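One structure is given here, and the rest of the page talks about it.
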């Protein structure tokens, strides 16, 4: 009987070791899969960010802003000069 119990204990220990090793392998597989998915999502996000940067609105470029600021200044000076010329002649616009 004691020999039989010893055999059961040995078998239970082997089975426990086997199950533990199996779960370790499954857990490692899940971890590696999750890590690969995360890296793929990060790479996709990086790609989308680069595409967004390339498609930055044309109206944000420094050249466009300079041209608009210059044109607005010239139009503003023209409007002020035109209005003041009416006041100089005594006529209301």
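In my numbering, the protein residues as written are 1 to 93. Ideal Cβ placement from N, Cα and C applies to all residues, glycine included. The structure displayed is predicted, hence computed values, not measured ones.
(request) Using the Cα positions of residue 63 and residue 46, report the straight-line distance between them to the nearest angstrom. (result) 27 Å
(request) Measure the C-alpha to C-alpha separation of residue 25 and residue 33 and round it to an integer number of angstroms. (result) Residue 33 has its alpha-carbon roughly 12 Å from the corresponding atom of residue 25.
(request) Whole angstroms is fine: what's the gap from residue 29's alpha carbon to residue 68's? (result) Roughly 58 Å separates the two Cα atoms.
(request) Give the range of the alpha helix (DSSP H) segment to which residue 84 is assigned. (result) 62 to 88
(message) Rounded to the nearest angstrom, what separates residue 71 and residue 88 at their Cα positions?
(response) Rounded to the nearest angstrom, the two C-alpha atoms are 25 Å apart.
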